[in-house]
Every structure is written in structure tokens, then in C-alpha cells.
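If you read the protein sequences in the order shown, they are chains A and B. Numbered per UniProt numbering, the first sequence spans residues 1 to 274. Numbered per UniProt numbering, the second sequence spans residues 1 to 274. For each residue, glycine too, the CB sits at the ideal point set by N, CA and C. Note that the coordinates shown come from a computational prediction; the quantities given were computed from them, not determined experimentally. Let me begin by presenting the structure, written as C-alpha cells, before commenting on it.
Protein chains: 2
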Amino acid sequence: MLFPAATRAKLITASLALLSISLSFVNPTAAKPIASRTCASDNHTVTDPAKPGPTHYGILLPQSLAPLDVFGPLEVFQALARSTHLQLSVLARTLDPVSSGPSNDATNRYNSTFWPSFVPTHTYADDPDIQVLLVPGGGVARSPDLGPEIEYIRKVFPRLEYLITICTGSGIAAQAGVLDGHRATTNKRAWAETVQKGPNVKWVSPARWVDDGKVWSSSGVTAGIDLAFAFLEAKYPNGTAMAEFFSSVMEHERILDWRYDPYAEKLKIPPTNN
Amino acid sequence: MLFPAATRAKLITASLALLSISLSFVNPTAAKPIASRTCASDNHTVTDPAKPGPTHYGILLPQSLAPLDVFGPLEVFQALARSTHLQLSVLARTLDPVSSGPSNDATNRYNSTFWPSFVPTHTYADDPDIQVLLVPGGGVARSPDLGPEIEYIRKVFPRLEYLITICTGSGIAAQAGVLDGHRATTNKRAWAETVQKGPNVKWVSPARWVDDGKVWSSSGVTAGIDLAFAFLEAKYPNGTAMAEFFSSVMEHERILDWRYDPYAEKLKIPPTNN
């Protein structure tokens, strides 16, 4: 049995109103929701849509990087590279292939050989004229031997238009001092150890990603994909339309609200007020 | 002003009940929801939890692959490789690095140089003793020159425990004939062109991924990450606990229901009843 449409609409409206009223009496602390994954960000960078976005990206490629930190965002920018001219420089200490595997056997407890290798195009000494540098994290972030990476980030930062860190990559950038005074975030499971690498950084939690103008940073691994889409939207003409199209090609269910961060809550990281 | 807890609970219960009743009058066709992204799959493969899962994975690495098709799932299995012994063979035509870029300049309209390169460990002729083969898609799926890939898939399939296709990789496997009679899915934006490559495949839509026993297939690109987590859950002892932990490390908001597929609806792909 179906009521007429107008009657059905009235019934639904009335019950939603009652639900809304009764929910409004709930203790606001107990009912405090986490930010919605589908609401638009409220501090979205708005750039001049007529200004072309950056065309030359660099990727820092250290041993023991998390591959998805790089190739999640890169899938987004590769799609863009089919619509406009883009250049990629893949930067490492030497031109030898770089593996995602542990840098020493002691941390490879099960003797796995499951570590793909990637090909650099430039060394840090080559110092190509990049506009954007992407710094991944992963096992690398715990390396005690990051001297060349830290030195390169420190050297190139003043010339960059944007620095993008993914996951614990923000801890590497923090050690170069370039995040000092900037708002930034990181993987919530590695929160405590990462924030101590940058005591002068304005660390942000909850945050799926943080846009602080020149510095963009994401939370853990797959959060980098959402950061890349937000960056595309903010920095390129027709960015929103492209982000919608590319995400549907990638069948990526975007998180649109930079404050949506269920992991900050699960892992009981106190809000930072940054 | 706050009502006592018991009064608040009654108000909410009453309004939810009224909402439920009024929604029940809505025309069921108009209100038909898509599957929930958070409900558990109802055709989840249950394996013997005491049986160890596969330890030797192979990745097909053709020119113009979509990097995220590979490195999304691989991030999941790399995490597993830190908890148990796993081996990876990266298979290509030769041992030369393989690029994700277009295989000919005509398809690189903006002359972009934005294509990272990956290092194979074996050639198809080496034919290492893999248990699982992962076949990515991307630009490669439209290549007219897939002879060596198709020949290798056809040769190795009888010896595999599992074949995993990501995105339009199912179209490549379909051309090898190995999906004939199997249920499989693919990227919903490439649906029409992919299904015609396998007229004897039982194509499935809507589907985020499909588990057909020996053959697992995912929808577009990032759906491969959800497939990898589902595979981990189904095939390894303590798989569910590991999937929960690894997804929180990766801060990946999993889609748990294999039928959750908003893209099938958006792109108006008729349900296949497979």
C-alpha cells in the first residue's frame, strides 16, 4: 500500500523534524560527530582560475619509501599530464634503482623479497628546476641516515612553489626545518614520533590533509590521494571538473573534507587547535 | 537545556520509528539504495584459517600500466611481507625498466614527461614459480600489441592458485581466454570496451570487486586496494585482524561490501545478474 506522494512527503518531513528536534537535546559532547567525509573543505585554497598550475614536479625517492605515498598522488597527476604538459623528475642519491625494501636485514624479520624498485631520473646534485616537491614517508621516515634527503629539501625549499608531504614524509621535511611555523599533519599512527621531529611545526589533528599555502601535507598513505585531488582542484584551471572526472575514472571515493579524520579519534590524538 | 537521558532516548526512538514508518511508504523503486560501503560482503570466501596463504606473488609489468593498479594492492601485501615471508617477482618482456607512459608519441598529446619507470626482476620467459599473478590495467589495456602478455597469462594460468586483475587488467586476461566461464568485473568507465574482449566471461556489475574462487577481479584503480584487503582477509590466518590493522596504518577507508559500486549506477550500467 502506498500513500499519495504529497502525504508521504509530509510524513517524512514531519518525522525528520521530530528526529532533528529530539537529537538537538542530546548532550553535545556525547553526540559530537567527526567531520563528514563528504562536506566541502572550509579552508579551500582559491587560486586564480586563469593562472596555470605548476608543470614540473619532483619526487624524492629514498630507500624504504612507501610506494603508495608516491603512486597514489602520481596517478592523479598522471591523468592531468594527459590533459596538459607536465614534467616529472624522480630524485635520488644516485641514478641506481631505489627499492621500497628495508635498508638493512635486521628490519626484514621474515626475509621477504617483496620490494619493487623504481628508477630515478636525477640525483639530488643534479638539482633540476622543479616547482613542486613531493616527499613520501614509510619505513624511510625511521631511517637514521637521511642526511642527503634533508640537505636537498633544505636547499630546494626556498625555490619551490609547493612542498607536498605524504604520510610520515612530513617528519623528514620537519628535520630539514622547512616546516617550522607551518601548519602540517602526518600519519596518525606515527603521530607521537613524527611531531617530535618538528617542535616548531604547528601540527594539526584532526586532519586528512592540511593546506598551508606553500606547504601541503597529508595524513597516512591513502590520504595522499585525497590531498592530490584537493591540490588539483585548488591549483589548476577547471581543477574541480578534472578532479571529478579523474576520481570517477580511478573509482576513488574521495574524502572532500580536510578535517575528516576518523584515525585521530580512534587513536585518541587530542585536537591540536592549529 | 537538556532533557534527562531516558526522555531523550524515548524521543529519538519515537522519531526514528516514525521516520522508518513514513519511509516504508516510499515507492520502493525510487528509494532503492545502492549497497552500503560499510556492510560486510555476503559472498566472502572463507578459507581454512590454519592454511597458510600464498607466499609468491607475480606482477605483470607491461608498458603504459596504471601505477596505482599495482602499488595500491602491493602496499597491502608489503605490509603482510613484514609479518610473514613473501616473495615478489616483477615480470616483463625484458629486464629493462618499464614506463607507465604512452607507448607511442601519438597518444602523448601534450608531450608530457611524467611517466615513472619500474624495474622487472624476471622476464616472461624466465617463468618463475609464482602462486598469484596480478594483472594491472591502464593505458596498456588499449594496446594492440599485447601478444607476449596474453601468451604468458595463458601459459601460467593453469599453475596459478589465484589470478588477480585490477581495473581494465581483466580485459587483458580475458583476451588470454582464462576468464571464460568465470565471474569478473572491470572499470565501469571502460565497461563496454572491456566486456567485448571476453564474450564468454560472466561480467558482473555492480561490483567493487568479484571473488570467483581462483579468479579475483576489481573495478577501477583504487578498487584494487579494497580487493587486496578482502583477499588478505580471505586467504591468510588472522587476515581480518591484519586487514584492520594495515588499513588503519594506511588510513585507508575500506569499502567492505563487494557490491558497493556507485559508478555502475552513475554510468548507467545495467545490472548483469551474474
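| Asked | Found |
| --- | --- |
| Within chain A, partners of Q78 (chain B) - CB distance below 7 angstroms | S100, F114 |
| 8 angstroms Cβ cutoff, L88 (chain B) in contact with chain A | yes |
| Cβ-based neighbour list, Y57 (chain A), same chain, cut-off 6 angstroms, excluding 5 preceding and 5 following | L88, V132 |
| Neighbour-count burial assignment, G147 (chain B), 16 or more Cβ in a 10 Å radius | exposed |
| Contact with chain A by S41 (chain B), beta-carbon distance below 8 angstroms | Any answer about S41 (chain B) is weak, because its pLDDT of 47 lies below 50 and its placement is not dependable; what the coordinates show is given next. With 8 angstroms as the cut-off, S41 (chain B) does not count as an interface residue toward chain A. |
| Own chain partners of F229 (chain B) with C-beta closer than 7 angstroms, once the 5 adjacent residues on each side are dropped | V76, A243, S247, R254 |
| Cβ-based contacts, 7 angstroms cut-off: residues of the region 117-143 of chain A near chain B | S117, F118, V119 |
| Residue-chain proximity (A66 (chain B), chain A), Cβ-Cβ < 8 angstroms | yes |
| Given 8 angstroms, three or more beta-carbon pairs between the region 220-228 of chain B and the region 191-204 of chain B | no |
| DSSP bridge partner residues for Q87 (chain B) (one or two, in chain order) | A:T113, B:H56 |
| The region 159-177 of chain A in contact with the region 207-215 of chain A per 3-pair CB rule at 8 angstroms | yes |
| Buried versus exposed call for G181 (chain A) [16 or more other C-beta atoms within 10 Å across all chains shown] | exposed |
| Y110 (chain B) at chain A interface by Cβ criterion, 8 angstroms | yes |
| Min CB distance S222 (chain B) to chain A below 8 angstroms | It is worth fixing the name first, because residue 222 (chain B) is Thr in this sequence and not Ser. Chain A, which has a Cβ nearer than 8 angstroms to the Cβ of T222 (chain B), makes this yes. |
| The region 59-79 of chain B touching the region 119-126 of chain A, judged by at least three CB pairs closer than 8 angstroms | no |
| Distance CB(N187 (chain B))-CB(G220 (chain B)) smaller than 8 angstroms | yes |
| Neighbour flag for S170 (chain A) against chain B, beta carbons, 8 angstroms | no |
| Minimum C-alpha distance to H85 (chain B) - residue among B:G137, B:K268, B:T55 | B:T55 |
| Secondary structure of K268 (chain B), DSSP reduced to three states | coil |
| Nearest-angstrom Cα separation, counted from A141 (chain B) out to P270 (chain B) | 23 angstroms |
| Terminal residues of the alpha helix (DSSP H) in which W191 (chain A) lies | 191-195 |
| Delimiting residues of the alpha helix (DSSP H) encompassing L227 (chain B) | 223-235 |
| For L133 (chain A), the first and last residue of its enclosing alpha helix (DSSP H) | Looking at the DSSP string, L133 (chain A) is not in any alpha helix (DSSP H); the run it does join, the beta strand (DSSP E), is 132-135. |
| Members of the region 185-201 of chain A near chain B, C-beta cut-off 8 angstroms | N187, K188, R189 |
| Per-residue DSSP class, three states only, for L80 (chain B) | helix |
| Any C-beta of chain A under 8 angstroms from that of T272 (chain B) | no |
| K202 (chain A) - DSSP class collapsed to helix/strand/coil | strand |
| Against chain A: residues of the region 151-175 of chain B by CB proximity under 7 angstroms | none |
| Limits of the unbroken beta strand (DSSP E) element including Y162 (chain B) | 162-165 |
| Straight-line gap, K235 (chain A) to E151 (chain A) (C-alpha atoms, nearest Å) | 27 angstroms |
| As assigned by DSSP and simplified to three states, the class of R183 (chain A) | strand |
| Own chain partners of A30 (chain A) with C-beta closer than 7 angstroms, once the 5 adjacent residues on each side are dropped | Reliability of the predicted coordinates at A30 (chain A) is poor, the pLDDT of 37 falling under 50, and the value obtained from them is presented with this limitation in mind. Result list for A30 (chain A): empty, nothing under 7 angstroms. |
| Distance, W209 (chain B) Cα to S144 (chain A) Cα | The sequence given here places Pro at residue 144 (chain A); Ser does not occur at that position. Using only the alpha carbons, I get a separation of about 40 angstroms. |
| Residues near S170 (chain B) by beta carbon distance below 6 angstroms, same chain, minus five either side | A184, T186, S217 |
| Those residues which DSSP pairs with D212 (chain B) across a bridge | B:V215 |
| Other residues of its chain near S41 (chain A): CB distance less than 6 angstroms, five sequence neighbours each side excluded | Any reading at S41 (chain A) must be qualified, since the residue scores a pLDDT of 47, below 50, and its modelled position is unreliable; no value is offered. |
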